[in-house]
Amino acid sequence: MTPAGWAAAIAVLLVAMNLVSQAIALWRLRRPLQGSALLDTLPPVTIVRPVRGIEAFSRETAVSGLELDYPRYSTIFCVADAHDPIIPLIEELIGIHGAEKIRLIVGDVPVSANPKLNNCVRGWEAATTDWVILADSNVLMPKDYIQRMLAAWQPTTGLVCSTPAGSRPACFGAEVECAFLNAFQARWQYVGEALGLGFAQGKSMLWNKPFLDANGGIAALGAEIAEDAASTKLVRNTGRQVHLVGQPFEQPLGRRRLRDAVQRQFRWARLRRVTFLPFFALEILATPFLAALLAVFGASALGLPVWLAPLLVLLVWYAGDIVLSASVGWFLNWRSPFAMLARDITFPGIWVYAFVGGEVSWRGNAMKIRTDGANKLNDAVPAAPAQAGRDGH
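The sequence shown begins at 1 in UniProt numbering and counts up one residue at a time.
This is the structure we're talking about:
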C-alpha cells in the first residue's frame, strides 16, 4: 500500500472509531438503569456543597438542591471564608427552609492542595448519614436528583457520579465550553463506563460514608491533585467500580469568555495527564485533527480533491456529535458546529501543553501541577487563594 493509501486507511479507521464511540455513548445514555436496592429503602442522604462567591446562577442552583422530591435529606453548605459574600444567601435560605434541613459550616481543613476538598472536610465529618453526596455549587439539581444518584448504585459500585452537562450558554465562549463538556468529555466518560472503565467526576459524587471512612476517609481523596482522580483510584483499588447516573445533571454556564473556557481545559488536561497518562495520551485521537490531517495526505488514494477529504471527515464527525447531542437533550443551536470546530482547533494545543507546561490558571490564580501528580501542600499551592466548588475545580 502506498503512503497515501495508509493515510487514507487510518483516517477512515479514526472516523469509524469516533462513530462507534458516539453510538456506544448514545446506547448507554438511553439505556434504562437496572433497579437498585437503595430505591426500595430510600435511605437518609446528606448533601455536602462547597460554595464560594456569588455567580449568575448561585441562587438558582442552591435552591434547586433544597426543593428535591426526596423524603429524608439535608444539606450542609461549606464556606472556607467567614467574609464570603455567599453567606448572606445561605443564611436567607436557612431562614426559609429551616435549620433542620440546612446547615452552614464556615472554615476549611487543609488536608490537601485542593481547596475544594479542604472546604468539604468539615461538612463530611458533620454528616451523620450513611449516604453522602458531594456536589459542586454550580450543579442544577432536578427534583429526582437523589433518586437518580441512588438508581445507579449496584452491588459492585464504590462510587456514583455525574459529569456536568453544559447548558444555558449566553455567548459563543460558553457554547465552546458546552462543546467540550457534552459531546466530547461527557461522551467519552459514558463510553469508558460502558466498557467497564468508569472514571469519577467531582461535580456530583455519591459515597457510602462507612465505605470511604474505612478506606482513609475524605482526606484520602487528597492523594491526587484532583479529588476525582483520587476517587477513581481508591474505588478501583478496593475492587469496586465507578458508575455514572443515567443522564448527567445540568451546569448552567451563562456568559463565559472563550479565553477562560480554554484556560479551564488547560487545567483539566494537565490534571488528566499527571493522573491518568496512558488514557490521556490517546485523547488526541478523540478529535478530528489527526483524521483530517491524514485525509489531506490520503485524498488521492480516496479519489477525492485535497480540500474535500478533510471536509468530509469534519462533516461526518460533527454529524455524529449533533445526533448524539440532539438525542439526549444536550445544548444545540445553529452555532454548535462552529463551537465544535473551535473546540477541536484548540484541543491539539491544549493536549501538547499538558505534556510540556506545568503552570495553569485556577480562576485567575497561577498553580503549578507536578508531573508526578503528587498532592502535597507545597506542590500545587496557588499564588493567591483559589476559589473552590464553583467551576468544576
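Quick reminder that beta carbons are idealized off the backbone N, C-alpha and C, glycines included.
What number of angstroms, rounded off, separates the C-alpha of residue i from the C-alpha of residue j?
i      : j      : result
ALA183 : SER325 : 6 angstroms
PHE331 : ARG168 : 8 angstroms
ILE87  : PHE249 : 25 angstroms
SER327 : GLY320 : 11 angstroms
ARG255 : GLY166 : 12 angstroms
THR41  : PRO71  : 11 angstroms
GLY357 : ARG273 : 11 angstroms
GLN241 : GLY107 : 32 angstroms
PRO142 : GLU67  : 9 angstroms
TRP268 : GLN185 : 11 angstroms
Does the Cβ-Cβ distance between residue i and residue j come in under 7 angstroms?
i           : j      : result
residue 397 : LEU117 : Within the shown structure, residues of the chain are numbered from 1 to 393, placing residue 397 beyond reach of any answer.
ALA25       : TYR190 : yes
ALA261      : VAL139 : no
LEU277      : SER231 : no
LYS203      : SER137 : no
ASP130      : LYS209 : yes
LEU150      : LEU33  : no
VAL111      : GLY216 : no
ARG270      : ALA354 : yes
ALA179      : ALA23  : no
ALA194      : LEU253 : no
GLU224      : THR275 : yes
ALA170      : THR46  : no
Count the other C-beta atoms from every protein chain shown that fall within 10 angstroms of the C-beta of residue i, then say buried if there are 16 or more, exposed otherwise.
i      : result
MET1   : exposed
PRO155 : exposed
TRP207 : buried
ASP344 : buried
GLY65  : buried
VAL235 : buried
ARG30  : exposed
PRO115 : buried
Looking only at its chain, what residues have a beta carbon closer than 6 angstroms to the beta carbon of residue i, apart from the 5 residues adjacent to it on each side?
i      : result
ILE90  : PHE77 and LEU104
ALA80  : ASP108 and ASN119
TRP153 : SER36, LEU38 and VAL160
Does any residue of chain C have a CB that is nearer than 7 angstroms to the CB of residue i?
i      : result
ILE218 : Of the protein chains in this structure there is only one, and it is not chain C.
Keeping to the same chain, check which residues put their C-beta closer than 7 angstroms to that of residue i; ignore five residues upstream and five downstream.
i      : result
ILE94  : ILE102 and LEU104
TRP124 : VAL48, VAL132 and ILE218
VAL296 : VAL306, ALA309 and PRO310
GLY192 : GLY198 and PHE199
SER300 : ALA4
ARG148 : VAL245 and GLY246
VAL313 : ALA11, VAL15, PRO288, ALA291, ALA292 and ALA295
VAL381 : Only weak support is given to the placement of VAL381: the predicted model assigns it a pLDDT of 38, under 50, and the value that follows is read from those uncertain coordinates. Counting only Cβ-Cβ distances below 7 angstroms, and skipping sequence neighbours, we find ALA113.
THR157 : ARG240, GLN241 and HIS243
Can you give me the Cβ contacts of residue i inside the same chain, cut-off strictly under 8 angstroms, excluding the 5 residues immediately before and after it?
i      : result
PRO348 : ILE284, THR287 and PHE289
LEU181 : THR163, PRO164, ALA165, GLY166 and GLN251
Curious, which full-length beta strand (DSSP E) runs of at least 3 residues does the stretch 73-113 contain? Segments of the beta strand (DSSP E) lying fully in the stretch 73-113: 73-79 and 102-106.
Residue ranges of each alpha helix (DSSP H) run of no fewer than 4 residues wholly in the stretch 229-310, ordered along the chain? For the stretch 229-310, whole alpha helix (DSSP H) runs of length 4 or above, ordered along the chain, are 258-275, 277-281 and 289-302.
Beta strand (DSSP E) runs wholly inside the stretch 150-188, at least 3 long, in chain order: List check, beta strand (DSSP E) in window: 157-162 and 164-169.
So within the stretch 188-232, which uninterrupted alpha helix (DSSP H) runs reach at least 4 residues, ignoring any that extend past its ends? Within the stretch 188-232, the runs of alpha helix (DSSP H) that reach at least 4 residues and sit entirely inside it are, in chain order, 209-214.
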